[in-house]
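So for the sequence shown, my numbering puts the first residue at 16; every next one is plus one.
For each residue, glycine too, the CB sits at the ideal point set by N, CA and C.
Just so we're clear, the structure is a prediction, and the values are computed from it rather than from any experiment.
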Amino acid sequence: MSARDLFDLTGKTALVTGSSGGLGLAMARGLAEAGTAVILNGRDEAKLAAAAQALAAAGHQVTTSSFDVSDEAAIMAAFDGFDRAGTNIDILVNNAGIQLRKPMVDLAADEWRRVIETNLTSAFMVGREAARRMIARGQGGKIINIGSLTSEVARATVAPYTAAKGGIKQLTRSMAAEWAVHGIQANAIGPGYIVTDMNKALVEDAKFDAWVRGRTPSGRWGMPDDLIGVAVFLASPASAYVNGQIIYVDGGMLAVL
Ligand code: NDP
């Protein structure tokens with residue numbers, strides 16, 4: 016296979032959760048540019064429709080599927096809908112996530128559960144539904160889970176997020192261990208500090224902004240497009256023998272933390 020073909024995703028279909036904005040939308044656009052049809056997901060249907068319209072206007076094949084990734088029944092219903100429409104998911108990006116900044120002593124168990132369910136249990140549930148169908152179809156598939164720097168290190172006030180993202184790393188390894196025999200590869204991406212709505216308050220906080228720039232060897236925040244190269248690589252034949260890994264896209268921050 017030529018190097019060009021290694022990154023060609025023509026004819027594939029990718030479901031990217033949490034892709035009405037931020038990193039998910041950038042990765043969905045990158046996958047579409049590499050040739051996939053993309054299914055965008057999120058809870059806010061208006062936001063989702065606007066994102067889909069932007070990709071369609073650029074000539075990409077795009078549909079939407081609005082469901083809450085922490086709701087098992089909604090996930091099952093969405094996948095039943097894909098089955099009815101004859102849509103096969105070749106590439107799944109488990110990207111949807113939320114952040115909650117609160118000292119642990121003030122944290123309610125329900126808040127803990129909400130973050131774990133949205134950031135970790137969701138990847139298991141959506142991954143399971145995708146894998147069941149990939150296994151039945153017998154043509155393998157690619158699963159990309161979105162971790163974080165906090166898959167590796169901890170910081171104060173984000174305990175459930177850190178626990179969930181640490182879990183993403185081990186869930187990815189479990190998926191690889193269990194599903195490689197079916198030709199399914201599961202890998203993860205660990206973004207550093209990236210400018211998105213999730214980090215709006217931090218970007219606008221001069222002290223925090225200076226800390227990020229000072230502690231990142233690249234000297235800047237990441238942008239959503241910085242994720243595209245690794246996402247396309249992990250979705251493509253180029254990563255055929257890469258499995259169970261987490262690749263950090265952090266401007267070098269982990270190397271010096
Ligand atoms: P944003 O807040 O910008 O976007 C989050 C996306 O997820 C939106 O499309 C949102 O749409 C969707 N979403 C949130 N909750 C749910 C849900 N329950 N079900 C379905 N969709 C949902 O976040 P980012 O783009 O910054 O983050 C994307 C991923 O990257 C997350 O997993 C995050 O933890 C991770 N990450 C981000 C970093 C960063 O610096 N930005 C760093 C490390 C990791 P809607 O609200 O309409 O549902």
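Quiz item: Where in the stretch 191-232 do unbroken runs of the alpha helix (DSSP H), each at least 4 residues long, occur, reported from the N-terminal end onward?
Solution: Runs found: 215-219 and 221-230.
Quiz prompt | Contact test: Ile199 Cβ vs the ligand NDP heavy atom, cutoff 6 Å | solution = Incorrect: Ile199 has no Cβ contact closer than 6 Å to the ligand NDP.
Quiz item: Are the beta-carbon atoms of Leu38 and Pro232 separated by less than 7 Å?
Solution: For Leu38 and Pro232, no; Cβs fall outside 7 Å.
Quiz item: Which of the three DSSP states, helix, strand or coil, is assigned to Ala73?
Solution: Residue state for Ala73 is assigned as coil, using DSSP reduced to three classes.
Quiz item: Among the residues of its own chain, which have a CB less than 7 Å from the CB of Ser35, if the five just before and after it don't count?
Solution: Around Ser35: Leu55, Gly57, Asp59, Lys62, Leu63 and Ala66.
Quiz item: Do Ala29 and Leu46 have their CB atoms nearer than 7 Å?
Solution: Yes, Cβ-Cβ distance for Ala29 and Leu46 is below 7 Å.
Quiz item: Three or more beta-carbon pairs under 8 Å between the stretch 244-256 and the stretch 175-187, yes or no?
Solution: With a cut-off of 8 Å, the stretch 175-187 and the stretch 244-256 do not count as touching, because too few Cβ pairs lie within range.
Quiz item: Is Ser35 near the ligand NDP, with its Cβ less than 6 Å from a heavy atom?
Solution: Yes, Cβ of Ser35 sits closer than 6 Å to a heavy atom of the ligand NDP.
Quiz prompt | Separation of Met149 from Gly155, as counted between CA atoms | solution = Straight-line Cα distance between these residues: approximately 6 Å.
Quiz item: Excluding the five sequence neighbours on either side, which residues of its own chain have a C-beta within less than 8 Å of the C-beta of Arg152, listed in chain order?
Solution: For Arg152, where only same-chain residues beyond five positions count, the Cβ hits under 8 Å are Asn103.
Quiz prompt | Three-state secondary structure (DSSP) of Asn103 | solution = DSSP, reduced to helix, strand and coil, places Asn103 outside both helices and strands of the structure shown, so it counts as coil.
Exercise. Determine the direct distance from the alpha carbon of Met16 to that of Ile113, and round the result to whole angstroms.
Key: Near 39 Å, if we compare the C-alpha coordinates of Met16 and Ile113.
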